[in-house]
Amino acid sequence: MSVAPEEFDTVVFEKNLSNLKDTQDSISSMSTWCLQWRSHHKKIVSSWLTVLKQVKVEHRLTLFHLANDVIQYSKRNNYEFVESWGTTLQRATTMVRDEKVKNRILRIFKIWEQRGVVEFIIYLFYHL
708 MSVAPEEFDT VVFEKNLSNL KDTQDSISSM STWCLQWRSH HKKIVSSWLT VLKQVKVEHR
768 LTLFHLANDV IQYSKRNNYE FVESWGTTLQ RATTMVRDEK VKNRILRIFK IWEQRGVVEF
828 IIYLFYHL
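Its first residue numbered 708, the sequence shown is counted upward by one per residue in the numbering used here.
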């Protein structure tokens with residue numbers, strides 16, 4: 708008897724993103740979950756952007772920390788997750804220009820640039 712694989716539940720995932728705490732444990736746990744479900748990377752990235760649009764600017768920083776964790780791990784392990792973020796991050800960058808978070812977002816981008824994490828980093832700097 709085979710067990711049917713679980714379906715990706717966008718509603719549940721978006722609720723979890725909305726409730727994500729700005730702690731290393733919470734972000735790490737959610738990142739691990741995203742990586743385990745990486746076969747649904749397009750849905751994950753799309754949901755991430757949907758939630759980013761809905762939350763306060765401070766929570767957007769938390770979502771960027773999550774993206775950072777997922778992207779860096781994916782890059783080290785050659786997961787296709789990295790490419791999935793390209794256009795989405797460019798759009799998201801326009802939503803984190805607020806002075807409350809801009810410098811911390813810029814710090815993430817500089818880390819990506821130093822580590823060669825994303826090829827499209829120049830576009831992110833442009834949009835910020």
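A virtual CB, placed ideally from N, CA and C, is assigned to each residue, including glycine. As the structure is a computational prediction, the values presented were derived from the model and not from experiment.
Sequence-distant residues of its chain with Cβ nearer than 7 angstroms to residue i (five each side left out)
i: Val777; result: Ser738, Cys741, Leu742, Phe788
i: Leu831; result: Leu796, Gln797, Thr800, Phe816
i: Lys750; result: Phe715, Thr717
i: Leu756; result: Thr795, Arg798, Ala799
Sequence-distant residues of its chain with Cβ nearer than 6 angstroms to residue i (five each side left out)
i: Thr769; result: Leu727, Asp729
i: Lys782; result: Val789, Val824
i: Gly793; result: Phe827
Contact under 8 angstroms by Cβ, residue i with residue j
i: Val758; j: Glu806; result: no
i: Trp819; j: Ile828; result: yes
i: Leu724; j: Ser754; result: yes
i: Val803; j: Val762; result: no
Anticipated Cβ contact below 8 angstroms, residue i with residue j, distance rounded
i: Trp744; j: Phe715; result: 6 angstroms
i: Leu835; j: Leu813; result: 6 angstroms
i: Arg650; j: Val825; result: Past the boundaries of the shown model lies residue 650; the chain is included only from 708 to 835, so the question cannot be answered.
i: His748; j: Ser791; result: 5 angstroms
8 angstroms Cβ shell around residue i - same chain, five flanking residues per side excluded
i: Lys817; result: none
Short CB-CB distance (under 8 angstroms) between residue i and chain D
i: Val825; result: As a matter of chain content, chain D is missing from the structure shown, which is built from one protein chain.
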